[in-house]
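Since the structure comes first, as structure tokens, the remarks are kept for the end.
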Amino acid sequence: MGMPADPEQTATIVISRAVRVGHEEAFSAWVDRLDRLAAGASGYRAAIRLGQTAGFQHLLFRFDDRTAADAWRCSEPMAALSAEADRFSTALLQLDTGNVVAFELPSDASASKWKRFVTTWLAIFPILLIVSSLVRLPLKDAPLPLQLIPSSLLLTATLQWIVLPRLQRYTRFWVLQNSAGRLQT
47 MGMPADPEQT
57 ATIVISRAVR
67 VGHEEAFSAW
77 VDRLDRLAAG
87 ASGYRAAIRL
97 GQTAGFQHLL
107 FRFDDRTAAD
117 AWRCSEPMAA
127 LSAEADRFST
137 ALLQLDTGNV
147 VAFELPSDAS
157 ASKWKRFVTT
167 WLAIFPILLI
177 VSSLVRLPLK
187 DAPLPLQLIP
197 SSLLLTATLQ
207 WIVLPRLQRY
217 TRFWVLQNSA
227 GRLQT
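So the sequence shown is numbered by our numbering: it starts at 47 and just counts up by one.
Below, the structure written as structure tokens:
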């Protein structure tokens with residue numbers, strides 16, 4: 047074995063993926079194959095998997111240098127695995143060299159505002175119709191502010207604990223995609 051690589055030249059690849067609901071097992075099996083592919087690559091040092099909330103995963107791979115990282119990243123087996131994962135997840139791949147690296151990770155905060163608006167409105171509108179109709183029946187003669195108190199409480203509670211957690215999980219794959227179909231930061 048030769049001299050160890052200069053730590054200032056090591057390369058780190060971060061692959062972030064938002065996994066579609068219902069494809070968690072396929073993703074886990076895919077990560078196992080990806081780890082095996084990386085471990086067999088020249089210059090491979092280590093891998094770390096960081097799970098984030100509800101379908102976000104960040105995979106870190108460390109290589110001796112940029113050349114080794116690029117060779118693995120651009121290999122045909124890696125391209126095939128990436129294409130497979132693209133069927134059930136959206137990705138962002140980042141690469142940096144050096145002993146100290148920094149990456150901007152995708153998160154729900156980076157979601158497209160117009161996509162978030164459309165999905166939220168589509169989920170809320172039917173609930174608003176139902177809640178408003180139910181509250182108006184017994185309170186039809188009450189002033190509007192009094193009608194809005196129970197409506198707003200029911201709608202806010204439903205939104206906070208039922209709708210938004212599910213909506214974010216089921217739409218994350220789409221709302222975090224940029225125009226190229228990749229995760230945005």
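Every residue gets a Cβ at the ideal spot worked out from N, C-alpha and C, and that includes glycine. In this text the structure is predicted, and so the values were computed from the model without any measurement.
Nearest to residue i by CA position, among the options, is which residue?
{"i": "THR217", "options": "VAL181, LEU175, LEU183 and LYS159", "result": "LYS159"}
{"i": "LEU194", "options": "TRP207, LEU175, LEU210 and VAL209", "result": "LEU175"}
{"i": "VAL67", "options": "PHE102, GLY89 and ASP116", "result": "PHE102"}
{"i": "PRO308", "options": "THR204, ALA188, PRO196 and PRO189", "result": "The requested residue 308 is not part of the displayed model; the chain covers only 47 to 231."}
{"i": "SER62", "options": "SER121, SER135 and ALA87", "result": "SER135"}
{"i": "GLU70", "options": "ARG133, ALA117 and SER198", "result": "ARG133"}
{"i": "ILE94", "options": "GLY86, ASP81 and ASN224", "result": "ASP81"}
{"i": "PHE73", "options": "ALA188, SER128 and LEU183", "result": "SER128"}
{"i": "ALA57", "options": "VAL146, THR99, ALA85 and GLN98", "result": "VAL146"}
{"i": "GLN98", "options": "SER225, TRP207, GLY227 and ARG215", "result": "ARG215"}
For residue i versus residue j, is the C-beta distance shorter than 7 Å?
{"i": "VAL177", "j": "LEU200", "result": "yes"}
{"i": "LEU229", "j": "LEU138", "result": "yes"}
{"i": "LEU222", "j": "PRO152", "result": "yes"}
{"i": "LEU180", "j": "PRO123", "result": "no"}
{"i": "GLY89", "j": "ALA64", "result": "no"}
{"i": "ALA126", "j": "TRP76", "result": "no"}
{"i": "ARG79", "j": "ALA92", "result": "no"}
Sorted by chain position, which residues of the same chain lie with C-beta nearer than 8 Å to residue i's C-beta, five sequence neighbours on each side aside?
{"i": "LEU213", "result": "THR165, THR166 and ALA169"}
{"i": "ARG119", "result": "ILE59, LEU139 and LEU141"}
{"i": "GLN55", "result": "ASP110, ASP111, ARG112, THR143 and GLY144"}
{"i": "ALA87", "result": "PHE109, ALA114, ALA117, TRP118 and SER121"}
{"i": "PRO196", "result": "VAL181 and LEU185"}
{"i": "ALA148", "result": "ASP142"}
{"i": "LEU192", "result": "LEU185"}
Under DSSP, the alpha helix (DSSP H) around residue i begins and ends at which residues?
{"i": "ASP81", "result": "70–85"}
{"i": "SER178", "result": "159–185"}
{"i": "LEU221", "result": "Going by the sequence as given, residue 221 is Val instead of Leu. First-last of the alpha helix (DSSP H) with VAL221: 210–221."}
{"i": "SER197", "result": "190–204"}
Who are the near neighbours of residue i in its chain, counting only those whose CB is closer than 7 Å to its CB and skipping five residues on each side?
{"i": "LYS161", "result": "TRP220 and VAL221"}
{"i": "SER156", "result": "LEU222, GLN230 and THR231"}
{"i": "MET47", "result": "Only weak support exists for where MET47 lies, its pLDDT of 48 falling under 50; the value from the coordinates is given anyway. Same-chain partners within the cutoff: there are none."}
Following the continuous beta strand (DSSP E) through residue i, name the residue where it begins and the one where it ends.
{"i": "LEU105", "result": "102–109"}
{"i": "THR113", "result": "From DSSP, THR113 is part of no beta strand (DSSP E) but of the alpha helix (DSSP H) over 112–119."}
Should residue i be flagged as near chain D, meaning a C-beta pair shorter than 7 Å?
{"i": "SER225", "result": "Absent from the structure is chain D; it holds one protein chain and no more."}
Could you pull out every residue in the same chain whose Cβ sits closer than 6 Å to the Cβ of residue i, ignoring the five residues on either side in sequence?
{"i": "GLU150", "result": "THR231"}
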